[in-house]
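**Q** Shown below is the structure under consideration.
In mature numbering (1 follows the signal peptide of the UniProt record, and there is no 0), the protein residues as written are -21 to -1, 1 to 247.
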């Protein structure tokens, strides 16, 4: 039980967001994804929210991951404080609820760690590492090696998604009593984000709904019904400003990330 709980912390650390060549994990505030286990026993909900908490002057947003055991009162939430910029996804802090026995794991990154690279593509490899302390277990060091291992089509209750990146997450957890290793997988769909993941215990979660499937993406900034060069010009003319219409990723400033998102979604 201790091993499974600790490894779940590491698994959650793998689910972060980044704007990249295909925007495999849209980080817009308000985005929501709901995934359920194929046996119908558990549900995991991802939400991206705003926060006013300062981190050395950096603007951050919150990724909340809430897991429920359906039919029970068991609910655990992990909160990730993240910053998205040209250097990729920077992770400032993780706060993970592990239940009554193990308490709350808290990981601080100062300076913030590059948690996802600015580009995701086949063969991409990156590493993360953090330290925390957990009731009963004591001090822990959790590290993971992440690799994009395949491009696949994924079938879920929410639909079929083409050209998803399959990411293998090899996690190592070191405690006073020894070390353990595990492997999990996640699948990210272009311009949608997480659609499937498989835990180290072979439990598979699949997307059942997301507000990105039901609503317009904010890339048609001039509201003419298509995303084209006119939208790019609209955003470029407001570069460096705080115009919320042109700030399509809602990070507080109109910058190169907004221009990149417009260009990636031409004709959508």
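Cβ atoms here follow ideal geometry from the backbone N, Cα and C, with glycine treated the same way.
So, does the stretch 119 to 138 touch the stretch 96 to 105, judging by three or more C-beta pairs under 8 angstroms?
**A** yes
**Q** Give the DSSP-derived three-state secondary structure of residue 183 in the structure shown.
**A** In the structure shown, the three-state DSSP call for residue 183 is strand.
**Q** List the DSSP bridge partners of residue 255.
**A** Only positions -21 to 247 of the chain appear in this structure, which leaves residue 255 out of reach.
**Q** Going straight from the alpha carbon of residue 76 to that of residue 86, what length do you get?
**A** 12 angstroms
**Q** For the alpha helix (DSSP H) holding residue 14, just list the boundary residues, first then last.
**A** Run containing residue 14: none in the alpha helix (DSSP H); it sits in the beta strand (DSSP E), 11 to 16.
**Q** Please classify residue 40 as buried or exposed, where buried requires at least 16 other C-beta atoms within 10 Å of its C-beta.
**A** buried
**Q** Which residues does DSSP pair with residue 177 in a beta bridge?
**A** DSSP, once it has assigned bridges, lists 164, 183 as partnering residue 177.
**Q** Using a threshold of 8 angstroms, state whether the C-beta atoms of residue 95 and residue 73 are closer than that.
**A** no
**Q** Pull up the DSSP beta-bridge partners for residue 68, would you.
**A** Partner(s): 63, 95.
**Q** If you run the structure through DSSP and keep just helix, strand and coil, what is residue 171?
**A** Annotated three-state conformation of residue 171 is coil, per DSSP.
**Q** Between which two residues does the alpha helix (DSSP H) harbouring residue 48 extend?
**A** Residue 48 -> not in any alpha helix (DSSP H); beta strand (DSSP E) instead, spanning 40 to 48.
**Q** Per DSSP, what kind of secondary structure is residue 213 in: helix, strand or coil?
**A** helix
**Q** Output needed for residue 109: all residues of its chain with C-beta closer than 6 angstroms, excluding positions within five of it in sequence on either side, in chain order.
**A** Contacts found: 86, 121.
**Q** Can you grab the Cα-Cα spacing for the pair residue -1 / residue 217, in whole Å?
**A** The predicted position of residue -1 is uncertain, since its pLDDT is 37 and thus under 50; a value taken from the coordinates is nonetheless stated next. Near 22 angstroms, if we compare the C-alpha coordinates of residue 217 and residue -1.
**Q** On a CA-only basis, which of 114, 244, 221 is nearest residue 233? Give me that one, please.
**A** When only C-alpha atoms are compared, the closest one is 221.
**Q** Nearest to residue 15 by CA position, among 25, 211, 97, is which residue?
**A** Looking at the Cα atoms, 25 is the closest of the given residues.
**Q** Whose C-beta lies closer than 7 angstroms to the C-beta of residue 177 among residues of the same chain, with five residues either side of it excluded?
**A** 163, 164, 183
**Q** To which residues of the same chain is residue 61 closer than 8 angstroms at the C-beta, ignoring the five residues directly before and after it?
**A** -6, -5, 6, 39, 40, 41, 42, 68, 69, 70, 71, 94
**Q** Would you list the one or two residues that DSSP bridges to residue 75?
**A** 57, 84
**Q** Identify which residue in 99, 137, 198 has its Cα closest to the Cα of residue 174.
**A** Comparing Cα-Cα distances from residue 174 to each of 99, 137, 198, the minimum goes to 137.
**Q** Please identify the residue among 83, 231, 130 whose C-alpha is closest to the C-alpha of residue 219.
**A** 231
**Q** Does residue 161 pass the burial test, meaning 16 or more other C-beta atoms within 10 Å, or should it be called exposed?
**A** buried
**Q** Can you tell me the Cα-Cα spacing of residue 186 and residue 167, whole angstroms?
**A** 11 angstroms
**Q** How big is the Cα-Cα spacing for residue 209 and residue 45?
**A** 39 angstroms
**Q** Taking Cβ to Cβ, would you say residue 21 is nearer than 8 angstroms to residue 48?
**A** yes
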